[in-house]
Amino acid sequence: MTGYVEQPARRIPVLSRFDTVIVGGGIGGVAAALAAARTGASVGLVEKAVALGGLATLGHVVLYMHLCDGRGRQVVGGIGEELMRLSVADGFGDVPPAWKEGGCLADRAADRLHTVFNPAFYALALEEVLLNAGVRLYFDARFCDVAKDAAGAIDAVIIESKSGRQALRCRTVIDASGDADVCAAAGEPTESLDTNGWAAWFYTCDGRSLELHKHHAPFDRFGGPVAGRKGYRGDDLESVTRHLVDSREQVRRRLADLRAGGGATPFVAMIPQLPDLRMTRRLVGVYELTRADDRRAFDDGIGLIGDWREAGPVWSIPFRSLRAAATPNLLAVGRCLSADRTVWDATRVIPACAVTGQAAGTAAALAVAGADGRFDRLDAAALCGRLRADGAMLDVSPA
Ligand SMILES: Cc1cc2nc3c(=O)[nH]c(=O)nc-3n(C[C@H](O)[C@H](O)[C@H](O)COP(=O)(O)OP(=O)(O)OC[C@H]3O[C@@H](n4cnc5c(N)ncnc54)[C@H](O)[C@@H]3O)c2cc1C
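Residue numbers (this note's numbering): 72 to 470.
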């Protein structure tokens with residue numbers, strides 16, 4: 072820091088009003104927008120990049136991880152399953168044969184329910200689905216602040232785009248930024264990790280076909296780098312820039328290795344358009360999910376997730392782990408919901424983002440309709456009933 076620049080107070084024009092404003096158009100934000108719009112809310116979605124899907128598309132993370140518990144039982148339905156099927160609707164990939172009609176439990180345990188998809192098709196498909204649902208999209212627009220009312224609720228989200236600074240008035244807000252940007256701006260407690268490793272996921276083309284290369288720093292069981300390795304926070308200018316530069320250096324090195332290896336000369340075709348950071352900053356919410364909550368049933372459980380790292384664990388996610396403690400109309404989903412270090416690595420993957428997004432979007436629409444936009448006044452039983460009716464799986468069975 073080398074000093075400060077003073078700016079005069081300024082009036083920010085209000086661009087539009089929505090029942091819910093969603094910040095971030097990754098899988099968490101898309102699921103939230105879809106659920107909110109289908110449940111009757113007017114929805115505005117703000118995305119700083121120029122397409123939807125977040126890490127799943129622009130970050131080249133093309134594996135929609137498991138919708139099952141690793142023992143053959145499906146635990147994610149609803150929008151989580153819908154978005155998985157959409158990811159391969161162009162025929163590029165498919166669900167494993169064991170998960171088609173007639174598949175048996177043993178085969179399903181051996182080959183978990185997942186898909187590998189084409190990220191460009193998926194970004195196009197996600198956009199079409201949201202437009203058809205009536206969601207208003209704002210691309211190339213970065214969330215930068217909130218304005219709060221006297222009760223501590225967010226009454227406007229401030230964005231910055233080619234049009235300058237503008238405000239979106241809102242009754243509820245969903246932080247799907249992956250980095251808890253809204254939670255931090257709203258003054259909510261957050262936790263940051265500095266354990267992210269470099270990631271060089273890039274495509275090459277040999278003149279006929281594309282090939283994805285996945286290289287990343289080794290990480291430990293809980294998503295951090297193995298002992299002694301350099302880590303990146305990913306919630307500040309310096310560490311994001313360093314992560315991008317170091318990761319692209321790794322792309323150059325791997326390319327040089329490939330070219331030196333003989334055979335057909337590979338040309339680099341695509342590099343990630345977002346920093347491939349796993350766990351940056353998260354909300355410390357009303358409830359923090361922990362490893363000990365494995366197979367624990369909650370009265371306000373809004374969906375289930377399995378563990379991509381091993382077969383067996385299933386977490387029910389309590390609505391309270393999406394809720395900000397001091398800002399009554401704010402929820403966090405996807406990579407930035409409230410879970411401690413031991414479960415964060417399980418709650419950040421694509422299906423978990425879709426599960427929490429569906430719950431948050433549905434909750435936002437219900438809160439606007441019947442709870443004055445306040446999530447602390449929302450009837451959890453009504454939320455769970457609606458989610459169940461919309462295909463979400465909520466019941467934890469014994470292991
Ligand atoms: C290297 C790597 C490998 C992975 N491998 C897998 C895998 O194989 N399978 C799997 O299921 N998961 C995997 N993951 C995890 C998974 O991809 C992500 O955690 C998940 O896609 C996150 O979804 P999200 O919606 O929470 O956040 P994101 O995808 O990060 O989306 C957040 C969106 O918000 C936008 N945004 C951020 N800040 C702002 C702002 N201030 N204003 C406006 N917009 C903003 C971003 O541009 C982005 O589009 C991997 C992650 C990494 C980094």
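From the three backbone atoms N, C-alpha and C, an ideal C-beta is built for every residue, glycine too.
At a cut-off of 7 Å, is residue i close to ligand 1 when judged by its beta-carbon and the heavy atoms of the ligand?
i, result
"L393", "no"
"G96", "yes"
"S248", "yes"
"G164", "no"
"I421", "yes"
"V217", "no"
"C424", "yes"
"W272", "yes"
"V355", "no"
"R27", "Outside the displayed span of the chain (72 to 470) sits residue 27, for which this structure offers no information."
"K233", "no"
"M136", "yes"
"R183", "no"
"D252", "yes"
"R406", "yes"
"R323", "no"
"H286", "no"
"R144", "no"
"R213", "yes"
"A120", "yes"
"L345", "yes"
Give every residue of the same chain whose Cβ lies closer than 6 Å to the Cβ of residue i, excluding the five residues on either side of it in the sequence, and list them in chain order.
i, result
"G374", "I388, V426, A430 and A463"
"R352", "D250, A251, T261, S263 and D306"
"G125", "G97"
"D461", "G149"
"A181", "none"
"I421", "I98, A127, Y135 and M136"
"D411", "E359 and T361"
"G130", "P343, L345 and D347"
Using the beta-carbon count (16 or more within 10 Å), is residue i buried or exposed?
i, result
"Y75", "exposed"
"G377", "buried"
"K119", "buried"
"M72", "exposed"
"P399", "buried"
"A363", "exposed"
"S158", "buried"
"P384", "buried"
"T336", "exposed"
"G162", "exposed"
"A218", "exposed"
"G205", "exposed"
"A403", "buried"
"G143", "buried"
"V316", "exposed"
"L393", "buried"
"C175", "exposed"
"L308", "exposed"
Check residue i in the structure and name its three-state DSSP category.
i, result
"Q237", "strand"
"H286", "strand"
"D182", "coil"
"G377", "strand"
"G333", "coil"
"A160", "coil"
"I98", "helix"
"S392", "helix"
"W272", "strand"
"A423", "helix"
"E259", "coil"
"N400", "coil"
Using C-beta distances below 7 Å, list every residue in its chain close to residue i, excluding the 5 sequence neighbours before and after it, in chain order.
i, result
"I83", "I229, R236, Q237 and A238"
"I342", "F273, R319 and V322"
"A160", "A196"
"P437", "Looking at the sequence shown, residue 437 is not Pro but Leu. Only T110, L449, A453, L454 and R457 meet the Cβ criterion."
"A340", "Y274, T275, C276 and L281"
Assuming the contact rule is C-beta atoms closer than 8 Å, residue i and residue j should be a hit. Round their C-beta distance to whole Å, please.
i, j, result
"G258", "A288", "The pair is not a contact, with the Cβ atoms about 33 Å apart (cut-off 8 Å)."
"C139", "V146", "6 Å"
"P154", "A102", "Residue 154 is actually Leu in this sequence, not Pro. The pair is a contact, with the Cβ atoms about 6 Å apart (cut-off 8 Å)."
"V121", "F210", "5 Å"
"I225", "L401", "6 Å"
"V439", "A247", "Incorrect: roughly 17 Å between the Cβ atoms, too far for contact."
If I measure Cβ to Cβ from residue i and keep anything under 8 Å in the same chain, skipping five residues before and after, which residues do I get?
i, result
"R325", "A271, F273, H284 and H286"
"A221", "none"
So with Cβ pairs under 8 Å, would you call residue i a contact of chain C?
i, result
"R240", "The structure shown contains no chain C; it holds only a single protein chain."
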